[in-house]
């Protein structure tokens, strides 16, 4: 289906779908219009939009020289030149540059735009003549400027932009459910997503599920890294409102209180984000919300009321509290209570401590994180240029007075001033009357200075400005994109000599434009994060599955096969088999996991397993591994085999209709009739192969999201594995006089009914231990009935299925989505 | 890279490719272990101060001196390396909480004789991330793969070394030429034979032996089919990495030898420590001597090299961003880093890999010549780089800085000659990219088939720094 409006409507029903992007950009400040010429480039023809022409021909070629001086902070800029260019690291630099050129092109001398005279060295161009009038570069510029002045802005029917195939709606729904909410869609849900509206509704539905909020916190912690941890002694001690939370000399103190306070303060920023989304509040509250989201421990530390008890069981009672946190301060023997300003996550102790400052850093690190995650601006790439401090020794206060430094500092320093008042020694302590640094640009945002009356609550003023900037929407889209798609947004290609340079530029442009558009829609939708998730899930970056193998440049950023994070892999085990990967205990008395039945996923709970599988600890290791290493393959083989082993046996303890995995076979469904001795030939059981193949086909879809036929090579391979293992077990059993029927590895027997929920009781040492109801004993020689323990595999099928499950759970398509 | 190139590289190091193989396992080991050379990149995170160890200086005269130092009172020249040697109270030592961790003079008179010092390296940045990147990959603007990753990637074309690139540094980009690995610690017994799940020799695994063997056989067929269907870049990238990683899995059981290796005895190092630090470094912290404890993270890396399961590694130590109380905090960070470099040099010799080991030690940038108001020193784009390895003549310095710690130039036609900074004719400032260009050449990374994707900045004229 071709669609010229939005790619929220990528259709699944056609093999070749299309990606439409080049429409109006909605970023404020961009005047790119829609009343433009549009070409419907047919199959194979090369429609070049004005934006693409600008990027590849004007920016990359004709005006490449201009960017050297006319970028912010460049020589021309310092000398007061009116014309500005923006490097590709500037968010939506295409729109910004086109707006700049369009504006400057209005200035003319004798009907000739000044922008066409300056490059020839005329009109006192500081850079002299940089283009020759008969050069290709000049002709490119001339055509571009002329078209812009005439209002010609060509867009392309983007049908020929990305010729790729997409996951259909059911496949998309399955991938979204697994990666976002750790479950698989029900058959009814699969039926409901055939329509676009149905798919939209389904995606929104999974964003309301409990495990989605886990994923949401993971995505945002990958960006903000606040879960490195804070200690309640430092933080609650600074507030000094409840010493029993941290001071063991105070009556009422317990280690448990201290630990839960530390955990609560550490999680506060992520729980704030969760609260905002869970309650359908505008996502802008994450920086602009002038309230606290606290559980009883955080509230107590802040000196605020909370209606739930100060107990671990109430850990998940995060609620909105309108009052300010209060710090108890003593100065000159006078005690006073100081309210602390609140601005979403920005004022949380976990954020302030994670992105610490010093008297010489002056809040700039915090400003960098704000810029990167909330304003789509990587200040480290903002103005890539050689810095030579040795040339600055004679410059007084170079961050303000040397262009080499001020190009970035004039962006970052005003935002850093938004953190004024928070101590540069203690990090969490707030003192509204603290002086700020005279050697920095005053607090502000973009070109607006902070009113002095806001100096006492600067972070609130800063937080209120951020969502008003169009970059906020783009930035949130980029953070969510990283989490949902698993890749960094594309960067502008640097290698102009590369054969596929043009394709790569086009890929960048398409994605850049998409971010702008999606970000604008997110802003227009009152910062509704669920709608943003829908846009990302329905985009080519989530759904593209097949394309031209020779178009890697154009298709950069596309494709399936994203390596699942350890947390996601853990959830996928549970979604598909019913069990998480756990090394020893299936559950632990961790009150943060109450809503997940206290179940334990060692890929989430165990730092070592997370790190071995490429995860992060938010401190020393902050970037996830995005491709497999040999150690990770070995890890996935171990964890996959363990989950396969446990879950296959456990599934057979259920009635067939209640099973997750084996809906088409029984334990008695053997490929051959078991023999009395090895001299007897094997005799196939009628219909057994068909049933086994049907079940394998079902497992390919459930576990791998792959639609296969029962006669396919994929099913045949798995069936062969089943039969080979079965024959080997049967043969061994015969040679041991029936002595090989027991399931020998204790972890591969089913003795526990995990679905019935956990209870905790103290062991002999007083430690709480998880206990699940046991499965019923199976009397000796009694036929097997559902609900009985499964320790004997007299038909050799349980272990054969465990082998097939291991094969599938260690497959590339299981560990990647 | 052609196999003969690696043979050539082995020749360069003065070695044959002698691997710890037995005759019976040679065929497998030939594909999954690496006998050297190895590359270790150690990074001082936050920006070190070279004037406190390899580019020593004294406070310059005048009311506003171009360089200020409240600690050093004498600098000694060790084979052209200016090393701070005295303070007002005695010998110059790098201390933590008063305890002497390292003696720079002794360092450069002993293990430092194998180390080539580049002074006056212009990082062209004051920005942490850019500095970390530039020193790790040789390019400030483009996020190229780390040199350690490139080298491991080149070797990975030859052999499926299980943890070819051991990534524990700050900058570990791979450009997908190799996967990065983290050391799995106590998980090794489980991962060495994953389908057995840690079962003992006479116990049953998670699946039968027949199942384990058939799964791996069928996996290869499955991957071939998946590869034939793969058309888009993300699938290509992750499936390719998965296939490579599968092939490297065979040698993971070699990790056992790393995990079960004995901690070295402090007595084997004692005579090689400075008399002024010996007592402090050999003193026990818990059950372990302080020097052994410092070397622990490097010990794992070196043992992975020795076992042939890793080709390169990155390591980073923080604590160098001393914007406040510079002299105390910088000395502490530098002391532990230099002690670790000493550990690497001494321990590599004990393990028999010193003559196959390249070590590069860098930092984000340097520190300002003068103190700020908090007795700290801020970011300064001039720094130093240490380099050791087979064929690299150590115990000398290339490049210099002036009395204000500004970079001087080297003559591109004779790098031993130092020229004023204003001499822009044959004089060039040393940039990270030039060191990387040379290391790429020495490590034969410049012959790797993928290297064309990762060009160093063409704006930097090559310098024959390791000629």
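Chains as they are written, first to last, in the working numbering: chain A, 1 to 817; chain B, 818 to 1284.
Even for Gly, the Cβ is constructed at its ideal location relative to N, Cα and C.
Worksheet item: Can you pull the DSSP bridge partners for residue 333 (chain A)?
Response: BP columns for residue 333 (chain A) are empty, so no partner.
Worksheet item: Taking all protein chains shown into account, do 16 or more other C-beta atoms lie within 10 angstroms of the C-beta of residue 760 (chain A), making it buried, or fewer, making it exposed?
Response: exposed
Practice prompt. Please check if any C-beta of chain A sits within less than 7 angstroms of the C-beta of residue 1140 (chain B).
Written response: yes
Worksheet item: Hey, would you say residue 598 (chain A) sits closer than 7 angstroms to residue 758 (chain A), going by beta carbons?
Response: yes
Fill in: Three-state secondary structure assigned by DSSP to residue 1234 (chain B)
strand
Item to complete: Flag residue 628 (chain A) as yes if its beta-carbon sits less than 7 angstroms from any beta-carbon of chain B, otherwise no.
Response: yes
Discussion item. Let me make sure I understand the geometry here. Which of A:496, A:485 and A:539 has the alpha-carbon closest to that of residue 1271 (chain B)?
Written reply: Cα-wise, what sits closest to residue 1271 (chain B) is A:496.
Worksheet item: Comparing alpha-carbon positions, which option in B:1237, B:1006, B:1127 and B:1179 lies nearest residue 866 (chain B)?
Response: Checking every option, the nearest Cα to that of residue 866 (chain B) belongs to B:1179.
Item to complete: Determine which residues share a DSSP beta bridge with residue 320 (chain A) and list them.
Response: A:293
Worksheet item: How many whole angstroms separate the CB atoms of residue 418 (chain A) and residue 431 (chain A), which I take to be in contact at a CB cut-off of 8 angstroms?
Response: In this structure residue 418 (chain A) does not touch residue 431 (chain A) by the C-beta definition: roughly 15 angstroms separates them, more than the 8 angstroms allowed.
Worksheet item: Once you ignore the five residues that flank residue 21 (chain A) on each side, which residues in its own chain have a CB closer than 6 angstroms to its CB?
Response: Caution applies to residue 21 (chain A), whose pLDDT of 32 falls short of 50 and renders its modelled position unreliable; the model cannot decide the point.
Worksheet item: Ordered along the chain, which non-local residues of its own chain (more than five positions away) have a Cβ less than 6 angstroms from that of residue 1212 (chain B)?
Response: 896 and 930
Discussion item. For a cutoff of 7 angstroms on Cβ pairs, would you count residue 90 (chain A) as touching chain B?
Written reply: no
Practice prompt. Anything in chain A within Cβ reach of residue 1195 (chain B), meaning under 8 angstroms, just list it in chain order.
Written response: Within 8 angstroms Cβ-Cβ: 360.
Worksheet entry | Beta-carbon proximity of residue 131 (chain A) to residue 138 (chain A), cut-off 7 angstroms | Taking the C-beta atoms as reference points, residue 138 (chain A) is found nearer than 7 angstroms to residue 131 (chain A).
Item to complete: If I'm right that residue 754 (chain A) touches residue 671 (chain A) with Cβ under 8 angstroms, what's the distance once you round it to whole angstroms?
Response: The Cβ separation is near 29 angstroms, so there is no contact.
Discussion item. With a threshold of 7 angstroms between beta-carbons, can residue 638 (chain A) be considered close to chain B, or not?
Written reply: yes
Worksheet item: Nearest-angstrom Cα distance between residue 654 (chain A) and residue 600 (chain A)?
Response: 22 angstroms
Fill in: Rounded straight-line distance, which links the Cα of residue 479 (chain A) to that of residue 219 (chain A)
7 angstroms
Discussion item. What would DSSP say about residue 537 (chain A), mapped onto helix, strand or coil?
Written reply: Residue 537 (chain A): helix per DSSP, three-state reduction.
Worksheet entry | Min CB distance residue 965 (chain B) to chain A below 7 angstroms | no
Worksheet item: Alpha carbon to alpha carbon, how far is residue 1023 (chain B) from residue 869 (chain B)?
Response: 56 angstroms
Item to complete: Name, going along the chain, the residues of the stretch 540 to 570 of chain A whose beta-carbon falls closer than 8 angstroms to a beta-carbon of chain B.
Response: Against chain B - using a Cβ distance shorter than 8 angstroms - the residues of the stretch 540 to 570 of chain A are 544, 545, 546, 547, 548, 549, 552, 555, 556, 557, 558, 559, 560, 561, 562 and 563.
Worksheet item: Excluding five sequence neighbours on each side, which residues of the same chain lie with their C-beta closer than 7 angstroms to the C-beta of residue 556 (chain A)?
Response: For residue 556 (chain A), the CB contacts under 7 angstroms within the same chain, skipping 5 residues up- and downstream, are 490, 504 and 507 in chain order.
Discussion item. Going by DSSP in three states, residue 1187 (chain B) sits in which element: helix, strand or coil?
Written reply: Per DSSP, reduced to three states, the secondary structure at residue 1187 (chain B) is coil, with no helix or strand assignment.
Practice prompt. Would you verify that the beta carbon of residue 633 (chain A) is, or is not, closer than 7 angstroms to some beta carbon of chain B?
Written response: Output row for residue 633 (chain A): interface = yes.
Item to complete: Check residue 1205 (chain B) in the structure and name its three-state DSSP category.
Response: Residue 1205 (chain B): strand per DSSP, three-state reduction.
Discussion item. What does the alpha-carbon distance come out to for the pair residue 523 (chain A) and residue 113 (chain A)?
Written reply: 36 angstroms
Fill in: residue 729 (chain A): contacting residues in chain B (beta-carbon distance under 9 angstroms)
What residue 729 (chain A) touches in chain B: 1025 and 1027.
Practice prompt. Tell me whether residue 310 (chain A) sits in a helix, a strand or coil according to DSSP, three-state version.
Written response: coil
Worksheet item: Just checking, does the stretch 1069 to 1082 of chain B make contact with the stretch 885 to 904 of chain B on the three C-beta pairs under 8 angstroms criterion?
Response: The answer is no - the stretch 885 to 904 of chain B does not touch the stretch 1069 to 1082 of chain B, with fewer than three Cβ pairs under 8 angstroms.
Worksheet item: Between the Cα of residue 245 (chain A) and the Cα atoms of A:292, A:301 and A:280, which residue gives the shortest distance?
Response: Nearest C-alpha to residue 245 (chain A): A:301.
Worksheet item: Given that a residue counts as buried once 16 or more other Cβ atoms are within 10 Å of its Cβ, and exposed if not, what is residue 1050 (chain B)?
Response: buried
Discussion item. Under 8 angstroms, CB to CB, which of the residues in the stretch 735 to 768 of chain A have a partner in chain B?
Written reply: 744, 745, 747 and 748
Worksheet item: What is the rounded straight-line gap between the Cα of residue 475 (chain A) and the Cα of residue 375 (chain A)?
Response: 5 angstroms
Worksheet entry | Own chain residues within Cβ distance below 8 angstroms of residue 579 (chain A), not counting five before or after | 573, 586, 643, 646, 647, 650 and 754
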